[in-house]
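**Q** Per the working numbering, residue 13 is the first one in the sequence shown, and the count goes up by one each step. All C-beta atoms in this analysis are idealised placements derived from N, C-alpha and C, irrespective of residue type, glycine included. Being a predicted model, the structure only gives us computed values, none of them experimental.
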Amino acid sequence: MAERCEGPEWRRFTRVLSEYGFASMMGWLRSGLIFTLCREKGRPVGVAPPYWEHDDLVSLAGDTVVRAIGDFRRNALLAGGWDPAGGASLKTYFATACVLAFPNVYRKWSNERSHRDAEHFRLSSVDELADVASPAPDPGDVVVTKLEIKRGLADIPSEYTKSALILSEAGYTLGEVAELLNTTHGVIKGALERHRRNTGRPARGGGDNV
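1. Could you check what DSSP says for P20 in three-state terms: helix, strand or coil?
2. Going by beta carbon distance, what residues of the same chain come within less than 7 Å of A80, once the five residues before and after it are set aside?
3. Determine the burial state of S36: buried for a count of at least 16 other Cβ atoms within 10 Å of its Cβ, exposed for fewer.
4. Comparing alpha-carbon positions, which option in N194, L204, V57 and S122 lies nearest E65?
5. Grab the span of the alpha helix (DSSP H) containing G44 for me, first residue to last.
6. Whose C-beta lies closer than 7 Å to the C-beta of A148 among residues of the same chain, with five residues either side of it excluded?
7. CA-CA distance, Y118 and R27?
8. Following the continuous alpha helix (DSSP H) through R55, name the residue where it begins and the one where it ends.
9. Under the three-state reduction of DSSP, which class applies to P115: helix, strand or coil?
10. Assign E188 to one of two classes, buried (16 or more other C-beta atoms within 10 Å of its C-beta) or exposed (fewer than that).
11. Please return the same chain residues whose Cβ sits closer than 7 Å to the Cβ of E52, not counting the five positions on each side in sequence.
12. Tell me where the alpha helix (DSSP H) around R79 begins and ends.
13. Judging by CA-CA distance, which residue of G54, V78 and S43 is the nearest neighbour of P61?
14. What residue does the alpha helix (DSSP H) around L186 start on, and which one ends it?
15. Could you tell me the distance, in whole angstroms, from the CA atom of L193 to the CA atom of L204?
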C-alpha cells in the first residue's frame, strides 16, 4: 500500500483515515480547538467565528481531510515521512496533517464567505429599494421590475447612483428621491444627469417636481 497508494486496499485505508479525520475536525471546529492547534504548530489562522452554520462545519472538515489525505500520501507514504517505528502512530501523524492543512482551507472559505455576504447585502439593498416603489404592486410586475433593475444596474460602479436610479425608475420625483437618500434635490439631479451623459439613456421617473 505504501509503495503504490492505489487500488482497493488504499481506498479502504483512506476511508478509515477520512472517517477518523472528519470526526476529529468536527470536534475541533465546534470547540474552537483547531485554532489553538494551528497556532501551536506555527500556523496561526485567527480565531473562530462567533457562530457556525452546520453546513460550514461539514464543508470545512471535509475539505481539510481531502487536502490532508493528499499531503499525507505524498509526504508520509510516498516520500517516507512516516516511520512505523519512529514514534507517532499513523492516526497521530494524520491528525497533524489535518491541522497543517486547515489554515489554507479556512482562509479560502473565509474569503468566499466574505464575498457571499457582500453580494447578499448588495442584492438585498436593491430588493429593499425596489420594494419601495408602489403601495400595492402587482406581484408579477414586481418580479419583472427587480430583474430589469438588477440587469440594468450591474455595470454602474456607484452604489449611490444605483439607489437614485432605482427610486427614479419607481416613479419618485427628484425631491422625493433626495429625501429618501437624505441629500438635496441638486445632488440627485446631478447624479442622474451624469448617468444620462455616460450612457445616453435618461432615467425614467417622476420628473423634476418636488
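**A** Walking through what the data contain:
1. Your numbering for residue 20 matches position 8 in the sequence shown. DSSP places P20 in helix when its eight states are reduced to three.
2. The residue given as residue 80 occupies position 68 in the sequence shown. Cβ within range, chain order: G33, F106, A109, C110 and A113.
3. Indexing the sequence shown from 1 puts residue 36 at position 24. Answer is buried; the Cβ neighbour count reaches 16.
4. As a first step, residue 65 is located in the sequence shown; it is residue number 53 there, counting from the start. Among N194, L204, V57 and S122, the Cα nearest to that of E65 belongs to S122.
5. Position 32 of the sequence shown, counted from the start, is the residue given in the question as residue 44. Here G44 belongs to no alpha helix (DSSP H), and DSSP marks it neither H nor E.
6. Mapped onto the sequence shown, residue 148 falls at position 136. With a pLDDT of 48 at A148, under the threshold of 50, the modelled position of this residue cannot be trusted, and the question is left open.
7. Stepping through the sequence shown from its first residue, residue 118 is reached at position 106. Stepping through the sequence shown from its first residue, residue 27 is reached at position 15. Those two C-alpha atoms are separated by around 23 Å.
8. The residue given as residue 55 occupies position 43 in the sequence shown. Taken as a continuous stretch (DSSP letters only), R55 belongs to no alpha helix (DSSP H), as it is neither H nor E.
9. Taking the first residue of the sequence shown as position 1, residue 115 is located at position 103. In the structure shown, P115 sits in a helix (DSSP, three-state: H, G or I).
10. Here residue 188 refers to the residue found at position 176 when the sequence shown is read from its first residue. Its Cβ being crowded by 16 or more others within 10 Å, E188 is buried.
11. In the sequence shown, the residue the question calls residue 52 occupies position 40. No residues qualify anywhere along the chain.
12. By 1-based counting over the sequence shown, the position of residue 79 is 67. Taken as a continuous stretch (DSSP letters only), the alpha helix (DSSP H) holding R79 covers H66 to F84.
13. Counting from 1 along the sequence shown, the entry for residue 61 is found at position 49. When each option's Cα is compared against that of P61, the closest is S43.
14. Residue mapping note: residue 186 aligns to position 174 of the sequence shown, counting from 1. L186 -> alpha helix (DSSP H) spans L186 to L192.
15. As a working note, residue 193 is residue 181 in the sequence shown. As a working note, residue 204 is residue 192 in the sequence shown. Whole-angstrom Cα-Cα distance: 14 Å.
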